[in-house]
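All remarks here apply to the structure that follows.
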Amino acid sequence: MSHPFSKSSTEVAPLHSDLLTINIGPAHPATHGTLRLQIQLDGETVANAAAEIGYLHRGFEKQAEACQYQLVIPYAERLNYMGPVHNSNAWCHACEGLLGIEPPARAQSLRVITSEMARIIDHAVCIGTNLVDMGALTNFWYMYNYREKIYDLMEELTGARMMVNYARIGGVCLDAPEGWLESARRVMADLAEVLGEVQGLVSRNRIFMDRTQGVGVITRELAISHSVTGPCGRAAGVNWDLRKAQPYWGYEKYAFDVPVETTGDTYARTMVRFREMEESRKIILQAIDAIKDGPVMVSDHLVALPPKDKVYNTMEGLINHFKLVMHGIRPPRGEFYSATEGGNGELGYYIVSDGGPAAWRVRIRPPCFANYSVFPKIITGQLVADAVAALGSINVIAGELDR
Amino acid sequence: MMTEADVAARVQEHFGARVLEAYSFRGQHAVTIAPKDLREVLIFLRDVLKFEWLADLAGVDYLGFDDREWRFEVVYAMLSMENNVRFRVKVAVTDDSVSVPSVWDLWAIANWEEREVWDMYGVRFDNHPNLRRILCHDEFVGHALRKDYPINRRQKLSAPSESILCVRSELA
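Printed below as a string of structure tokens:
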């Protein structure tokens, strides 16, 4: 026994309590999708976590093997419902790689414009809902308000707002209507204001910083081991953007920066997204300036449907249309891996073709699958409320996670 | 600057006859190897040729595709950011009696990816810490992406799934 007034006897042993096991999800507003987490809590600290996925599995890959290449386009959009148009652009890009064709310059520019718009709305929703998780509701309205404007543009361009079914193998289905590029330019001008307002509310906000800085840290090593790409990877110091490194659709022509942070925490991920939205705006404006007149589809009759007046007025056009619809596009036998920079990272399609009208094997490499696999590790030792904030900042889209 | 063709040449030079098949299509290259050589090839790629990233891991069922001697392939899509080059390594799996060595200790993402290949194709991975189904339910019978699994087959799955926390090794 030591003396009652000695220093050592006043040290209090930490209170030990039993760990409390709780389930978060699969249906829980904080998970933004059907994700299930099982967490052991020590007080309010996460002592142990495991994730289970598959609640939204609907057999995309099996379905894609059972229908013609062009019929996969609408399915592809439903993988990532935050920026759907990019997924179908990427799917068509993969099929074009397999076919060995390239869409015309104007179609490439339209794909860049729509894909970057998809990135902006993806990040807008991610940041908006993530801040709601932390109690900051105002930003959500600013962000969603802006998203509406982009949805209006999409509606004008394609006739649909969310699932637009715009891309085609060999180009895009419609040219931009009269004046659309100018409206797009105006909407882009508004983005700076929205970003300014939201960033002004959060980036130096004490509560936000306390909730996010040093929380949910993905280190560079962890990012490499878990193949974490996109904004989450760049926030962890992985200076890699497929638009820069392996450009497609003429991205090499546009001047833009790749935002990189080093801390890898929730704060860094949010800031990378803010800056990426700004870069996307720059790309869209440059693409609008540089867009060339011309066709929006390849003229190859084995890939592109003939114009309607040919279908209705000539025998060859009608036969061509019929052959493509009934017998499909037939890429040569072979396999091809195509990767584009999606909203959340590397969106890869691995296609094996047997020469028929449907792929033998379609594998999608969804960025979220890799990004989410790291999640149980980064929340261990964090407060459960901050784990929810970290989850929002990883931006897991259950649609492409589970396919 | 290293191209995919250079990588293929380096791998073939280093592994000789252990490369069962070299494949190239539209500038993309791949090699097919036997399961026993997998870890050696991937470590060679990672450490010597600077392929730090396992970008993707997928299974393919070639039942009835052509006259190749194996039914399944497990495809490792590698990425080197340093050299800005990609490369694919494919493992030939004769049938589901053959298992593939796990690489989850080299890349943590392989843990989930290998579970998916097991779930969808029934290809087993040796030394995997937690080889359970990942997308389909525990009660699911068969492997959904196999070519002999009909697309319209339905199964009634009703049992609640077991606790997921019991498996600590997933967190390793």
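The listed protein sequences derive, respectively, from chains A and B. Sequential numbering from 0 applies to the first sequence in numbering that gives the first Met the number 0. Sequential numbering from 0 applies to the second sequence in numbering that gives the first Met the number 0. Ideal Cβ positions, reconstructed from N, Cα and C, are used throughout, including at glycine. Note that this is a predicted model, so its numbers are computed, not measured.
#1: Are B/Asp60 and B/Arg70 close, meaning C-beta to C-beta below 8 Å?
#2: For A/Asp401, return the contacting residues in chain B, with the cut-off set at a CB-CB distance below 8 Å.
#3: Which residues in chain A sit within 9 Å of B/Asn83, going by Cβ to Cβ distance?
#4: What in chain B is Cβ-close to A/Asp353, meaning under 7 Å?
#5: Any idea what DSSP makes of A/Trp90, helix, strand or coil?
#6: Here's a check: name, in chain order, each residue in its chain whose Cβ is nearer than 7 Å to the Cβ of A/Thr218, leaving out the five neighbours to either side.
#7: Cβ of A/Met0 less than 8 Å from any chain B Cβ?
#8: Mind checking which residues open and close the alpha helix (DSSP H) that includes A/His320?
#9: Under 9 Å between beta-carbons, which chain A residues line up against B/Ile108? List them in chain order, please.
#10: Please return the same chain residues whose Cβ sits closer than 6 Å to the Cβ of B/Leu37, not counting the five positions on each side in sequence.
#11: Examine chain B for any beta-carbon lying closer than 8 Å to the beta-carbon of A/Gly53, and answer yes or no.
#12: Is DSSP giving A/Asp401 helix, strand or coil here?
#13: Mind pulling the alpha helix (DSSP H) runs of 4 or more residues that sit fully within the segment 270 to 302 of chain A?
#14: Looking at chain D, is there any beta carbon in it that lies within less than 8 Å of the beta carbon of A/His27?
#15: Residues of chain B with CB closer than 7 Å to the CB of A/Glu60, please, in chain order.
#16: So what does DSSP say about B/Ala143, is it helix, strand or coil?
#17: Assign B/Asp46 to one of three DSSP states: helix, strand, or coil.
#18: Do the segment 348 to 366 of chain A and the segment 107 to 127 of chain A make contact, defined as three or more Cβ pairs closer than 8 Å?
#19: Tell me where the alpha helix (DSSP H) around A/Ile23 begins and ends.
#20: Going straight from the alpha carbon of A/Gly355 to that of A/Met325, what length do you get?
#21: Could you compute how far the alpha carbon of A/Asp401 sits from the alpha carbon of A/Leu382?
#22: Taking beta-carbon pairs under 9 Å, can you tell me which members of the segment 334 to 352 of chain A lie near chain B?
#23: For the segment 26 to 56 of chain B, which residues have a CB atom closer than 7 Å to at least one CB atom of chain A, in sequence order?
#24: Would you call the CB atoms of A/Leu301 and A/Val310 closer than 8 Å?
#25: What is the DSSP secondary structure of B/Asp55, counted as helix, strand or coil?
#26: Tell me where the beta strand (DSSP E) around B/Tyr75 begins and ends.
#27: Using a cut-off of 9 Å between C-beta atoms, extract the partners of A/His122 located in chain B.
#28: Are there 16 or more other CB atoms within 10 angstroms of the CB of A/Glu17, so buried, or fewer, so exposed?
#29: When the Cα of A/Tyr150 is compared with those of A/Leu136, A/Met116, A/Gly127 and A/Val131, which residue comes out closest?
#30: Assuming A/Leu34 and A/Ile21 form a contact by the criterion Cβ under 8 Å, report the distance between their Cβ atoms to the nearest whole angstrom.
#31: Hey, does A/Trp239 have any beta-carbon neighbour from chain B nearer than 8 Å?
#32: Can you round the beta-carbon distance between B/Ala174 and B/Val30 to whole angstroms, since I take them to be within the 8 Å contact cut?
#33: I'd like to know whether the C-beta of A/Arg329 is nearer than 8 Å to at least one C-beta of chain B.
#34: Tell me which residues of the segment 146 to 157 of chain B have at least one Cβ-Cβ distance to chain A shorter than 9 Å, keeping chain order.
#35: Can you tell me the Cα-Cα spacing of A/Ile442 and A/Pro258, whole angstroms?
#36: How is A/Ala53 classed by DSSP in three states: helix, strand or coil?
Quick look at the numbers:
#1: Counting from 1 along the second sequence, the entry for residue 60 of chain B is found at position 61. Counting from 1 along the second sequence, the entry for residue 70 of chain B is found at position 71. Cβ atoms of B/Asp60 and B/Arg70: closer than 8 Å.
#2: Position 402 of the first sequence, counting from 1, holds the residue named residue 401 of chain A. Listed along chain B, the residues sitting closer than 8 Å to A/Asp401 by beta-carbon distance are Leu134.
#3: Reading the second sequence from its first residue, position 84 is the one you call residue 83 of chain B. Ordered by position in chain A, the residues that pass the 9 Å Cβ test against B/Asn83 are Ala244 and Gln245.
#4: Translated into the one-based positions of the first sequence, residue 353 of chain A becomes position 354. The contacting residues are Phe64.
#5: As a working mapping, residue 90 of chain A is identified with position 91 in the first sequence. Here A/Trp90 sits in helix by DSSP.
#6: Taking the first residue of the first sequence as position 1, residue 218 of chain A is located at position 219. For A/Thr218, where only same-chain residues beyond five positions count, the Cβ hits under 7 Å are Ala235 and Gly263.
#7: Translated into positions along the first sequence, residue 0 of chain A becomes position 1. Model confidence at A/Met0 stands at a pLDDT of 48, short of 50, so the residue's coordinates are unreliable and nothing is read from them.
#8: Position 321 of the first sequence, counted from the first residue, corresponds to residue 320 of chain A. Going by DSSP, A/His320 is part of the alpha helix (DSSP H) stretching over Met314 to His326.
#9: Here residue 108 of chain B corresponds to residue number 109 of the second sequence, with the count starting at 1. Chain A residues near B/Ile108: Ser224, His225, Ser226, Val227, Phe368, Ala369, Ser372 and Val373.
#10: Start at 1 with the first residue of the second sequence, and residue 37 of chain B comes out as number 38. Cβ within range, chain order: Val90 and Pro100.
#11: By one-based count along the first sequence, residue 53 of chain A stands at place 54. It does; some Cβ of chain B falls within 8 Å.
#12: The residue given as residue 401 of chain A occupies position 402 in the first sequence. It is helical.
#13: The qualifying runs do not exist here; there are none.
#14: The chain inventory of the structure shown lacks chain D, comprising the protein chains A and B.
#15: The sequence position of residue 60 of chain A within the first sequence is 61, counting from 1. Contact of A/Glu60 with chain B by beta-carbon distance below 7 Å involves Leu144.
#16: Taking the first residue of the second sequence as position 1, residue 143 of chain B is located at position 144. Coil at B/Ala143, not helix or strand.
#17: Here the question's residue 46 of chain B lines up with position 47 in the second sequence. Of the three classes helix, strand and coil, the one that applies to B/Asp46 here is helix, per DSSP.
#18: They do not touch, by the three-pair rule.
#19: The count along the first sequence starts at 1 and reaches residue 23 of chain A at position 24. Unbroken run through A/Ile23 is the beta strand (DSSP E), Leu19 to Ile23; no alpha helix (DSSP H).
#20: Numbered from 1 along the first sequence, position 356 holds the residue referred to as residue 355 of chain A. Numbered from 1 along the first sequence, position 326 holds the residue referred to as residue 325 of chain A. Computed Cα separation, rounded: 12 Å.
#21: Within the first sequence, numbered from 1, the residue matching residue 401 of chain A stands at position 402. Within the first sequence, numbered from 1, the residue matching residue 382 of chain A stands at position 383. One C-alpha to the other measures close to 27 Å.
#22: Flagged, chain order: Glu334, Phe335, Tyr336, Ala338, Glu345, Gly347, Tyr349 and Val351.
#23: Against chain A - using a Cβ distance shorter than 7 Å - the residues of the segment 26 to 56 of chain B are Gln27, Glu51, Trp52, Leu53, Ala54 and Asp55.
#24: As a working mapping, residue 301 of chain A is identified with position 302 in the first sequence. As a working mapping, residue 310 of chain A is identified with position 311 in the first sequence. No.
#25: Counted from its first residue, the second sequence places residue 55 of chain B at position 56. In this structure, B/Asp55 counts as strand in the three-state DSSP scheme.
#26: For the purposes of this step, residue 75 of chain B is identified with residue 76 of the second sequence, where counting begins at 1. Run containing B/Tyr75: Phe71 to Ser79, per the beta strand (DSSP E) assignment.
#27: If you number the first sequence from 1, residue 122 of chain A lands on position 123. Those do not exist, as A/His122 stays about 23 Å from chain B at its closest Cβ, beyond 9 Å.
#28: Residue mapping note: residue 17 of chain A aligns to position 18 of the first sequence, counting from 1. With the sequence shown as reference, residue 17 of chain A is identified as Asp, and Glu is not the correct amino acid for it. Answer is exposed; the Cβ neighbour count stays below 16.
#29: If you number the first sequence from 1, residue 150 of chain A lands on position 151. The residue from A/Leu136, A/Met116, A/Gly127 and A/Val131 with its alpha-carbon nearest to that of A/Tyr150 is A/Met116.
#30: Counting from 1 along the first sequence, the entry for residue 34 of chain A is found at position 35. Counting from 1 along the first sequence, the entry for residue 21 of chain A is found at position 22. Between A/Ile21 and A/Leu34 the Cβ distance is about 14 Å, and since that is not below 8 Å, they are no contact.
#31: Position 240 of the first sequence, counted from the first residue, corresponds to residue 239 of chain A. Yes, A/Trp239 lies at the interface with chain B (some Cβ there is under 8 Å from its Cβ).
#32: Absent from the structure is residue 174 of chain B, since the part of chain B shown begins at 0 and ends at 171.
#33: Counting from 1 along the first sequence, the entry for residue 329 of chain A is found at position 330. Cβ-Cβ to chain B under 8 Å: no for A/Arg329.
#34: So the list reads Lys146, Tyr148 and Ile150, given in the order they occur along the chain.
#35: One cannot answer for residue 442 of chain A here, as it falls past the ends of chain A, which runs 0 to 402.
#36: In the first sequence, residue 53 of chain A corresponds to position 54, counting from 1. Inspection of the sequence shows that residue 53 of chain A is occupied by Gly rather than by Ala. In the structure shown, A/Gly53 adopts coil according to DSSP, grouped into three states.
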